[in-house]
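This report refers to the structure that appears directly beneath it.
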Amino acid sequence: MTQLRRAAIVAPLRTPVGKFGGALAPLTAGDLGAVILKALIERSGIDPARVDDVIFAQGYGNGEAPAIGHWSWLAAGLPLEVPGYQVDRRCGSGLQAVVNAAMMVQTGAADVVVAGGVESMSNVEHYSTDIRKGVRAGNLVLHDRLTRGRLMSQPVERFGVISGMIETAENLARDYGITREDADGYAAYSHQRAAAAWAAGVFADELVPVPVPQKKGDPVVFDHDEGYRADATIESLGKLKAIEARTIPGAIVTAGNASQQNDAAAACLIVAEDKLDELGLEPIAWFHSWAAAGCDPSRMGIGPVPAVERLFARTGLTWDQIDLVELNEAFAPQVLAVTKGWGWSAHDSRFDILNVNGSGISLGHPIGATGGRILANLTRELVRRSGRYGLETMCIGGGQGIAAVFERA
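The sequence shown begins at 1051 in the working numbering and counts up one residue at a time.
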């Protein structure tokens, strides 16, 4: 059997994360992708012609920028000869893009691959499935792709109607005995950690400021995550009403303890170890291993439990070897259910290495960009702490989980 090459992670970058309808809303997903790709080429110093492929994640793709990895590469003014494509594993898409790129490099199919993702949830369209065959009479229905994508994330014929991801989080809260106070306490922790990280300048090296065009005047530079709340406390979050209070008895998910809808882009280079010196590139980490697993769509948030279990079984790694954990925060009760599923106690010391600079609740969850956003911070935090292994994992709408381990270079 041919020996697999090691795949290096080089120059992982991200834009700041914009709120839904916020500072980044004037930019389409394709435009945001072009911004991060330009920055990646400039900061890494690589000759763009040496890139073999571009893999970009997007959770809400559309006809405005098909195969968005290639579209954004071209929009960035980069070489026509470089191909690209798009990948969708919903919330795990950005990490899947990195995984795909790493496997290409490991097997010799490529030497250098750009991996990343982008989402402009502010610009996700409404669409109709009624027009193609014509509408002779009656009403024309337009679906909001954001809400429709969540409703249709699993076959209704098999699993029935699941109203959305909030319902799945409420199911986990009941299954695992997560209280409203638990959820708000964790959410406050996430916001406070994000605020502390910003105050300490933790994100400086990974951020790519974005020039945002204005209707009048010069572009405005957007250079700060827009969604975290430095003043969030368990008391302030406790005043918010549960989103599904009318339909789910005892509902606990609120706008304050759930992830946001966001806009952002992220990207990195995945490079073969034997090409690093030739290209003058410095790795920050190595791709180590990965796994994905399916689960009940109505409990999709538990996906990281079987995914990590499968990953550890394949690699022989144990929790004792993991120095940092990044578990994307779709919902606070989902995070707490997953940690219980992992066997962590309520006051487990491993919470000290979990989402140390905030995550989806505070920093945001721009679906296709989330995997890359996490990777940019996880790898740099491993360096700051002189850790060896970092675990990145997330739940996936429709009933999946994905997990990957990265090793500090």
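We treat Cβ as the ideally placed atom computed from N, Cα and C, and that holds for glycine.
Item: Could you name the residues that DSSP lists as bridge partners for G1134?; Value: V1104
Item: According to DSSP, Q1146 sits in a beta bridge with which residue or residues?; Value: Answer is none; Q1146 lacks a bridge partner.
Item: DSSP three-state label for L1087, please.; Value: helix
Item: Buried or exposed for V1191, going by 16 or more other Cβ atoms inside 10 Å?; Value: exposed
Item: Closer than 8 Å is the cut-off here; do at least three beta carbon pairs connect the region 1091-1110 with the region 1140-1156?; Value: yes
Item: Might you give, ordered along the chain, the residues of its own chain that have their beta carbon closer than 8 Å to the beta carbon of V1211, omitting 5 neighbours on each side?; Value: L1201
Item: At the level of alpha carbons, what is the spacing between T1304 and R1198?; Value: 20 Å
Item: Of the choices I1059, E1379 and V1260, whose alpha-carbon is the least far from that of A1073?; Value: V1260
Item: Nearest to Q1264 by alpha carbon, out of G1068, A1075, P1066 and F1456?; Value: A1075
Item: Consult DSSP for N1312 and reduce its assignment to one of helix, strand or coil.; Value: strand
Item: Rounded C-beta distance between E1220 and I1298? I'm assuming under 8 Å.; Value: 5 Å
Item: Quick test of the definition: if touching needs 3 or more C-beta pairs under 8 Å, does the region 1369-1379 touch the region 1407-1414?; Value: yes
Item: On the premise that D1234 lies in contact with L1196, defined as a C-beta separation below 8 Å, what is that separation, rounded to the nearest angstrom?; Value: Contact flag wrong, Cβ pair sits at about 25 Å.
Item: Return helix, strand or coil for I1212, following the three-state DSSP convention.; Value: coil
Item: Helix, strand or coil for Q1371, going by three-state DSSP, please let me know.; Value: helix
Item: Go to V1162, then tell me how far its beta strand (DSSP E) extends in each direction, as first and last residue.; Value: V1162 to S1170
Item: In chain order, what residues of the same chain lie with their CB nearer than 8 Å to the CB of R1435, ignoring the 5 residues before and after it?; Value: D1373 and L1374
Item: If you count every other CB in all the chains shown that lies within 10 Å of the CB of N1189, and 16 or more means buried, which is it?; Value: exposed
Item: Leaving out five residues before and five after A1368 in sequence, what residues of the same chain have Cβ atoms less than 8 Å from its Cβ?; Value: Inspection of the sequence shows that residue 1368 is occupied by Thr rather than by Ala. F1362.
Item: Assess, as a yes-or-no matter, whether the region 1160-1173 is touched by the region 1079-1088 under the definition of 3 or more beta carbon pairs within less than 8 Å.; Value: yes
Item: Considering only DSSP beta bridges, list what A1057 is partnered with.; Value: A1322
Item: Restricting to Cα atoms, I'd like to know which of Y1226, E1276 and A1357 is closest to I1302.; Value: Y1226
Item: In chain order, what residues of the same chain lie with their CB nearer than 7 Å to the CB of L1290, ignoring the 5 residues before and after it?; Value: T1304, A1305 and G1306
Item: According to DSSP, which residues form a beta bridge with Y1177?; Value: H1193
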